[in-house]
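Novice:
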Amino acid sequence: MVAALVLSVLVVGVFAVHFLAKAYGPVRTEDIAALHVLAGTPPGPVTDRLFAAYLSRARRYRTSWSVAGWLGGVVLAVALQDNTAAFGNPFLTGPIGYLAGAVVAELHHLRRRPHGARTASLAPRRLGDYVQARQQRLLRGLVLLMGAVTAVGLVLDASNRSDVRSRPDLPPYVVREAKGFWIPLVVLGAVAVAVWVIVERTERAVVERPRPAMAEDLARADDAIRASSVQALALGGAGFIALLGCWAVSVTANGFVDYDALHPWALLLELALFALAIRLAFRARRLAWPLRKLEVDGAPR
28 MVAALVLSVL VVGVFAVHFL AKAYGPVRTE DIAALHVLAG TPPGPVTDRL FAAYLSRARR
88 YRTSWSVAGW LGGVVLAVAL QDNTAAFGNP FLTGPIGYLA GAVVAELHHL RRRPHGARTA
148 SLAPRRLGDY VQARQQRLLR GLVLLMGAVT AVGLVLDASN RSDVRSRPDL PPYVVREAKG
208 FWIPLVVLGA VAVAVWVIVE RTERAVVERP RPAMAEDLAR ADDAIRASSV QALALGGAGF
268 IALLGCWAVS VTANGFVDYD ALHPWALLLE LALFALAIRL AFRARRLAWP LRKLEVDGAP
328 R
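Residue numbers (our numbering): 28 to 328.
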């Protein structure tokens, strides 16, 4: 087992070093120029430094958390000799790490305080000016879906334990393994709600963060960074909650006695949530790699 663990960590470590080198390396001028195109701001030494600092910090956080998730999943999978458990599945812990890193990066950005005299805008900044309405609807819809999955899982858990007690025909090992799965469901549901609250509050804090008096081009660059931050929070938070929902469905399906009856539908929902989370992770990644975003999404009209 030790040899398998070392080999697995080495294999993942090779890829980790590659991605960390890209994340911790200097931001390419092409990425900065692409962000200027996306933001509609003229290039300049001050705005270039501002964009470079933002992109560098975002990349470092996301990549470091992603690598931690992948390595943690591999170590747990080999140590526990069970890659079916969500916390021992690197294909789940890796994306969770990346999406969590995207959210934490924006929490770090929020710690910055403006220097100099603050200004008040004649038109107060609104959240809708920085994030698409459909991104917010997706975030809130996934929280509601997570609540529904948790509620259904709790009902099935109660039914599951009742069936086990009333069915003497069940093999002894089934009775032993049917210990109930309501605790992880409640924990996952609580984490999903916590992520949603943190994301929503941080989005508004980013939008409402005061800024000092500055030149028009710097103000537009600051608005571009706010928009990128809010969108990263919306996409990262939604993807994170989708993965928690995938985990909750897996817990429910694997803990239910009538596994064969529930498994096909549960598997479809798991795959749909996982695919959605990965898609959101790639969309969030493009925000930290503006040249890629420009190549895929094109310049705004």
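All C-beta atoms, glycine included, are put in the ideal place defined by N, C-alpha and C.
If we ignore side chains and look at the alpha-carbon of each, how far apart do R312 and A127 end up?
Specialist: To locate residue 312, count along the sequence shown from 1; it is residue 285. To locate residue 127, count along the sequence shown from 1; it is residue 100. Distance between the alpha carbons of R312 and A127: 12 Å.
Novice: How about L165 and A219: are their beta carbons less than 8 Å apart?
Specialist: For the purposes of this step, residue 165 is taken as residue 138 along the sequence shown, with counting starting at 1. For the purposes of this step, residue 219 is taken as residue 192 along the sequence shown, with counting starting at 1. Their beta carbons are not under 8 Å apart, which means L165 does not touch A219 by this criterion.
Novice: What does a CB cutoff of less than 7 Å around V117 pick up in its chain, not counting 5 residues either side in sequence?
Specialist: The sequence position of residue 117 within the sequence shown is 90, counting from 1. Contrary to the premise, residue 117 reads as Pro rather than Val in this sequence. Hits under 7 Å: W97, G100, V101 and A104.
Novice: DSSP state of Q162, grouped into three classes?
Specialist: In the sequence shown, counting from the first residue as 1, residue 162 sits at position 135. Q162: helix per DSSP, three-state reduction.
Novice: If I measure Cβ to Cβ from A43 and keep anything under 8 Å in the same chain, skipping five residues before and after, which residues do I get?
Specialist: Within the sequence shown, the letter at position 16 stands for residue 43. Closer than 8 Å at the Cβ level, and outside the excluded window around A43, lie V94, W97 and L98.
Novice: Within 10 Å of its beta-carbon, does A217 have 16 or more other beta-carbons around it, so buried, or fewer, so exposed?
Specialist: Walking along the sequence shown from the start, residue 217 turns up at place 190. Classification of A217: exposed, given that the 10 Å Cβ count is below 16.
Novice: Whole angstroms are fine: how far does the CA of D250 sit from the CA of L62?
Specialist: For the purposes of this step, residue 62 is taken as residue 35 along the sequence shown, with counting starting at 1. For the purposes of this step, residue 250 is taken as residue 223 along the sequence shown, with counting starting at 1. Their Cα atoms are separated by approximately 12 Å.
Novice: A326 by DSSP, collapsed to three states: which one?
Specialist: Position 299 of the sequence shown, counting from 1, holds the residue named residue 326. Of the three classes helix, strand and coil, the one that applies to A326 here is coil, per DSSP.
Novice: So T56 is in the alpha helix (DSSP H); what residue range does that whole segment cover?
Specialist: Within the sequence shown, the letter at position 29 stands for residue 56. T56 to A66 is the extent of the alpha helix (DSSP H) around T56.
Novice: Specify the secondary structure class of W97 as computed by DSSP and reduced to three states.
Specialist: For this step, residue 97 is matched to residue 70 along the sequence shown. W97 falls in the helix class under three-state DSSP.
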